[in-house]
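Engineer: Below you'll find the structure I mean.
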Amino acid sequence: MASQNSFCMKQFLVLLSLFHVSNAVVVYNVQNYGARPDGRTDSARPFHRAWADACGSSRPATVHVPTGNYLLGLATFSGPCENTAVEFWVEGTIVAPSGYTGLGSSGHWITFSNVDGLLISGGTLDGRGAALWRCKHAGNNCPTGAASLTISDSRNVKINGLTSMNSELFHVVILGCTGVSVRGIDIVAPGNSPNTDGIHVQKSTGVTIVQATIKTGDDCISIGPHTTNLWIERVICGPGHGISIGSLGKDQGGAEAGGVSNVTVTTTVFSGTQNGLRIKTWGTSVPGYVRDVVFTNAVMNNVENPIIIDQNYCPNSKGCPNQSSNIKISDVTYSDIHGTSATPVAVNFDCSSSNPCSGISLQDIKLTYPVQRAQSYCKHAYGTSSGFVVPPTPLNPASVSFSTFPQKLDRATMAEAAEVSNTKVVFKGFIEGAPKEEDMEVAVGAAALKVPAAAAAAAEGGGAVLVKNLYLSCDPYMRGRMRENYNSYIPPFQPGSVVEGFGVSRVVDSTNPNFRVGDLVSGLTGWEEYSLVLKADQLRKIQVDDVPLSYHVGLLGMPGFTAYAGFYEVCSPKKGDFVFVSAASGAVGQLVGQLAKLHGCYVVGSAGTNEKVELLKNKLGFDEAFNYKESDLNLALKRYFPHGIDIYFDNVGGEMLDAALLNMRLHGRIAVCGMISYHGASETTGIRNLFCLITKRVRMQGFLQSDYLHLLPEFLDRMAGYYREGKIVYIEDMSHGLENAPAAFVGLFSGKNVGKKVVCVSRE
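Mind the numbering: the sequence shown is residues -24 to -1, 1 to 740 in mature numbering (1 follows the signal peptide of the UniProt record, and there is no 0), read in order.
As structure tokens, then:
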């Protein structure tokens, strides 16, 4: 709401005069300098004059480009400015000259140079590059072309909500900068448009690129030399050539290639691209390096080269140097990468013979090729593999371990080992109040790796299943199972028994015809390394195999299904509804908020720390969020919902529910999912505002996800699709090892977790 008010204020100020001061911000309208929104009159001079005045202002200033089409020739907006808060606010479309002669070989169309504290917000840049592309495709003598937007030698720059289309050359270039944030950008060009990289970063540090959709003819994001501390998150790429580090090392004559370091690429989706995650260097003697790179949480949909290191890069195979690359690649991690390859070789490491790749780490990779078993190619690549790695990737030295899917444990090995050590978490006795770590103990026993004959005979539903547990879910409902006389929907734990919960497991042995050795399953299992499941109907085969395995106890597990069923079935949402979610950064709340946004709702969440509040707004896409520990609940809800709440998704109860009741709109809906405020409370306070149910005709309903099991196939298909398309982000808080499971569970009730709390037992 605050941003909308700011927007309306700017509109009013612009109509009043050339500029007007409000809250010390000076607004300069390019139309008042002679710019015409007709798409035919070159507005370069009016734009430059407006910039000169804004840059020369001693107060924060805004250059405003209203709606309409503005023809703009070559334009350079230079600093330093007299203030460090200059906004370039575009509502309309800025178009380049028609034909490729208008920009020639300038290399850059719109440039901001030597500016500190620049904000570029909104609007569309249309590079009109089709004529130049045709020239290049025809093999004619064409100019190089121009990048649409270049930010050079600047610091503390933000680019928000920009659309760039049909650039002649690169769409956005960040060169020689420090502290640049790019958020909510859309880039569009045909898949065959040459050299139209989406975003190119070079000689820069502290750059973040978050929430970008890029469809273009070259790299979606390219990373040049002398780049460090780069964060890339929530990018949808395709068509295009993927996200590439490089190319590096092309320049000869002793030139210093420079290096790329400390790069993180996370939560990305690639569809129909030439490459997914790529590092490319030329085979020359030019020195340089790529190090400390993390590629994680990526989905590949029909990608030609999902994972590739190419140290013999030479496009078109013309004039190739044919030397050993002198670029050293080290400490590169690939984790949680899933999907399909369009070619047989899904993982390709073609490293330098004189400078082999080192410190390569592969973890939880599953890339398949629809026609046959996917393959990998490794040359001069050293590192380690863990968890599932498909296709198997034999990194040197030969002694390094790697996994094949689906059978990690072969039958001969299992037959030889009658028993193995089995660490478990045991429930000690019934509790009162909040759970404590000492209510559980970690013990070590033994487990047979075959289903005992007696267990097979006693099993329900056709046979028993022995599983190795990989991930275990920490859920608030388990607190109720620790109390003896607690009116819960699930029986209590028995003292001395292994704690039970939802998990992801791999079948080690089975006498049930529905489960085979190597199958991945999710369902109820013990908090131990190996569990013997006598009720096979409490397990479900994992069919969706292109998401991280741990997500099957979160995004695609009980929390995800709870969010889905509760929001769509209980809340009956409508586009434009005002939605409030409590415990919004938790396993369920984070998904409710994102589903509501996808449905076209306005969403506010509450959380217990400022860190979580920022997470809700900046990563999960909530419109607003607040720290309930630092707020008067009633006043906070009145502030964020001046017209009232249509939907309240309650995970807390207590005072939060009471405040929400006061602020509900007529015919509002409340889905009661959880009451975590009552977990462990020595005394509880009654709800005082129930009369609002009558006066406002509010519908309040408690529910369990098991009430809606008929929706499970729909949920799995829809939610997995949202994840593949990059529309849903899921945050996990993972602990490692069963010895840390009690602390992980207890931390739920003090708000220590950020996102879905999961315990990793094993990745193998």
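Glycine is no exception: its CB is placed at the ideal position from the N, C-alpha and C atoms.
The structure displayed is predicted, hence computed values, not measured ones.
Out of GLY479, VAL568, PRO119, GLY160, state which residue places its alpha-carbon closest to the alpha-carbon of GLN514.
Structural biologist: It is GLY479 whose Cα lies nearest to the Cα of GLN514.
Engineer: Below 8 Å, can you find three or more Cβ-Cβ pairs linking the segment 83 to 99 to the segment 134 to 141?
Structural biologist: Yes, they touch.
Engineer: Here's the rule I'm using: 16 or more other beta-carbon atoms within 10 Å means buried, otherwise exposed. How should THR344 be labelled?
Structural biologist: Counting Cβ neighbours within 10 Å, THR344 comes out buried, since at least 16 surround it.
Engineer: Give me the DSSP bridge partner(s) of GLY264.
Structural biologist: Its beta-bridge partners are GLY234, ILE303.
Engineer: Leaving out five residues on either side along the sequence, give the residues of the same chain with a beta carbon under 6 Å from the beta carbon of ALA123.
Structural biologist: For ALA123, where only same-chain residues beyond five positions count, the Cβ hits under 6 Å are HIS84, LEU145, PHE146, VAL149.
Engineer: Terminal residues of the continuous alpha helix (DSSP H) containing ALA560?
Structural biologist: Unbroken run through ALA560: none, as it is neither H nor E.
Engineer: Tell me the DSSP bridge mates of VAL497?
Structural biologist: The partner list for VAL497 (beta bridge, DSSP) reads SER481, LYS517.
Engineer: In angstroms with no decimal places, state the Cα-to-Cα distance between GLY569 and VAL580.
Structural biologist: Taking the straight line joining both Cα atoms gives about 8 Å.
Engineer: Less than 8 Å between the beta carbons of PRO13 and ASN45, yes or no?
Structural biologist: Cβ distance < 8 Å, so PRO13 and ASN45 count as in contact.
Engineer: Apart from the five residues on each side of it in sequence, which residues of its chain come closer than 7 Å, Cβ to Cβ, to LEU724?
Structural biologist: CYS450, PRO452, LYS733.
Engineer: Quick check: the segment 290 to 301 against the segment 249 to 269, are at least 3 beta-carbon pairs closer than 8 Å?
Structural biologist: With a cut-off of 8 Å, the segment 290 to 301 and the segment 249 to 269 count as touching, because enough Cβ pairs lie within range.
Engineer: With a CB to CB cut of under 7 Å and the five nearest residues on each side skipped, what residues in its chain are close to PRO166?
Structural biologist: The residues are GLY193.
Engineer: Could you give the residue range of the beta strand (DSSP E) that holds MET710?
Structural biologist: Per DSSP, MET710 belongs to the beta strand (DSSP E) from 708 to 712.
Engineer: For the candidate residues GLY174, ALA114, SER157, GLY160, whose alpha-carbon lies nearest to that of SER143?
Structural biologist: If we check each option's Cα against that of SER143, GLY174 comes out closest.
Engineer: Compare the C-alpha of ASN398 against each of ARG110, ALA696, ALA424, ARG159 and name the closest.
Structural biologist: Ranking the options by Cα distance to ASN398, first place goes to ALA424.
Engineer: Is LEU145 helix, strand or coil by DSSP?
Structural biologist: Three-state result, LEU145: coil.
Engineer: Taking DSSP as the reference, what is the three-state secondary structure of TYR46?
Structural biologist: Note: TYR46 maps to strand in three-state DSSP.
Engineer: Using DSSP with H/G/I as helix, E/B as strand and the rest coil, what is VAL376?
Structural biologist: Low confidence applies to VAL376: its pLDDT is 32, below 50, so where it sits in the model is not reliable, and the reading given next is rough at best. Coil, per DSSP.
Engineer: Is the number of C-beta pairs between the segment 176 to 194 and the segment 203 to 211 that are closer than 8 Å three or more?
Structural biologist: At 8 Å Cβ cutoff, the stretches touch.
Engineer: For the segment 550 to 605, list the beta strand (DSSP E) runs that are entirely contained and at least 3 residues long, ordered along the chain.
Structural biologist: As far as the segment 550 to 605 is concerned, its whole beta strand (DSSP E) runs of at least 3 residues are 554 to 557, 578 to 583, 600 to 603.
Engineer: Have a look at the DSSP bridge pairing and note the partners of ARG159.
Structural biologist: In DSSP, ARG159 forms a bridge with ASN136, VAL186.
Engineer: Compare the beta carbon distance of VAL279 and PHE246 with 8 Å and say whether it is the shorter of the two.
Structural biologist: It is a contact, given that the beta carbons lie within the stated cut-off.
Engineer: Can at least three beta-carbon pairs, one atom from the segment 710 to 730 and one from the segment 532 to 539, be found at a separation below 8 Å?
Structural biologist: No contact exists between the segment 710 to 730 and the segment 532 to 539.
Engineer: Between which two residues does the beta strand (DSSP E) holding VAL474 run?
Structural biologist: Looking at the DSSP string, VAL474 is not in any beta strand (DSSP E), and its letter there is neither H nor E.
Engineer: To the nearest angstrom, how far is the alpha carbon of ALA28 from that of CYS118?
Structural biologist: Distance between the alpha carbons of ALA28 and CYS118: 34 Å.
Engineer: With DSSP run on the structure shown, which of helix, strand or coil describes PHE537?
Structural biologist: PHE537: helix per DSSP, three-state reduction.
Engineer: Can you give me the start and stop residues for the alpha helix (DSSP H) that PHE53 sits inside?
Structural biologist: Where PHE53 is concerned, there is no enclosing alpha helix (DSSP H), although the beta strand (DSSP E) it sits in stretches over 51 to 54.
Engineer: Exposed or buried, VAL483, counting other C-beta atoms within 10 Å across all chains shown (16 or more means buried)?
Structural biologist: Looking at its Cβ environment, which holds 16 or more other Cβ atoms inside 10 Å, VAL483 is buried.
Engineer: Evaluate HIS356 with the Cβ neighbour count: other Cβ atoms within 10 Å of its Cβ, from every protein chain shown; 16 or more gives buried, anything less gives exposed.
Structural biologist: HIS356 is buried by the Cβ-count criterion.
Engineer: Should GLY229 be labelled buried (16 or more other beta-carbon atoms within 10 Å of its own) or exposed?
Structural biologist: Unreliable positioning characterises GLY229 in this predicted model, as indicated by a pLDDT of 48, which lies under 50. The coordinate reading is nonetheless provided below. Exposed, because fewer than 16 other Cβ atoms sit within 10 Å of the Cβ of GLY229.
Engineer: DSSP three-state label for MET640, please.
Structural biologist: Three-state DSSP puts MET640 in a strand.
Engineer: Got a sec? Which residues, its chain only, sit under 8 Å from TYR353 by beta carbon, not counting five neighbours each side?
Structural biologist: Excluding sequence neighbours, TYR353 sits near VAL321, VAL323, ASN324, PHE325, ASP326.
Engineer: Can you tell me which of the three DSSP states CYS196 falls into?
Structural biologist: Coil at CYS196, not helix or strand.
Engineer: I need the straight-line Cα distance from TYR76 to MET276, nearest angstrom please.
Structural biologist: Answer to the nearest angstrom: the Cα atoms are 35 Å apart.
Engineer: Which residue from ALA539, LYS703, SER89 puts its Cα closest to that of GLY565?
Structural biologist: Ranking ALA539, LYS703, SER89 by Cα distance to GLY565 puts ALA539 first.
Engineer: Quick check: the Cα distance between TYR447 and ILE663, rounded to an integer number of angstroms?
Structural biologist: When rounded, the distance between both Cα atoms is 38 Å.
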